[in-house]
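Below is one structure, written out as structure tokens; comments come after it.
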Amino acid sequence: MKCSILEFCQLCANYSSMLRKHFRSYQELISYSSKTFYGDQLQAIKIRGVPLDDVIRFDLVEVGDAKVTNRTNDAEAQFILDRILDLLEEEEPPTVGVITPFREQQTLLSKKLLSHARGADMQDKLRLRS
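When we follow the numbering used here, the leftmost residue of the sequence shown carries the number -9, and every step to the right adds one.
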């Protein structure tokens, strides 16, 4: 076998069509696919209701003496816990999502957040799930 089934079908095709407009994702998310697969021709149509800075934020966390391994970081976990506790004090707390590329960090965060005295509030008010 010299090529995949997909490559074979592409070689045999007498017609191809590409997306021009993408309605289900924001430009920041679809830009990689647009550049990589569509030659920057894919246009994201989804309208953002609030500015991007109000949706996502990046903070630098000082590690100090906190325990850090190649896949966990206690300083980051504590920082996230502190921010979530701040959000619980808001009159109308937002829905919260925490993204981490490492399963071990997700496990550490789940234990730290959901075993906290206000863990049930985090689940109820912020819709936080492990």
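Backbone N, C-alpha and C fix where the C-beta goes; we use that ideal spot for every residue, glycine too.
Values in this document were obtained by computation on a predicted structure and should not be read as measured data.
- For A3, no alpha helix (DSSP H) segment is defined, and its DSSP state is neither H nor E.
- Taking 8 Å as the upper bound for CB-CB distance, E82 and T62 are not in contact here, some 32 Å apart.
- With distances taken between CA atoms, Q113 lies nearest to V86 out of L19, D30, V86, S21.
- DSSP, read as helix, strand or coil, puts A67 in helix.
- Of the candidates H106, A67, D111, A67 places its Cα closest to the Cα of L50.
- Where A110 is concerned, the enclosing alpha helix (DSSP H) starts and stops at 109 to 115.
- Using a Cβ distance threshold of 7 Å, Q31 and K11 do not count as a contacting pair.
- The DSSP assignment places complete alpha helix (DSSP H) segments of no fewer than 4 residues inside the region 14 to 96 at 17 to 28, 64 to 78, in order along the chain.
- For the set E79, L103, R108, the Cα lying nearest the Cα of V88 is the one of L103.
- Going by beta carbons, L71 and D111 fall outside the 7 Å limit.
- Between S23 and K36, the C-beta gap is not smaller than 7 Å, which leaves the two residues out of contact.
- In the assembly as shown, L19 is an exposed residue. Its beta-carbon has fewer than 16 other beta-carbons within 10 Å.
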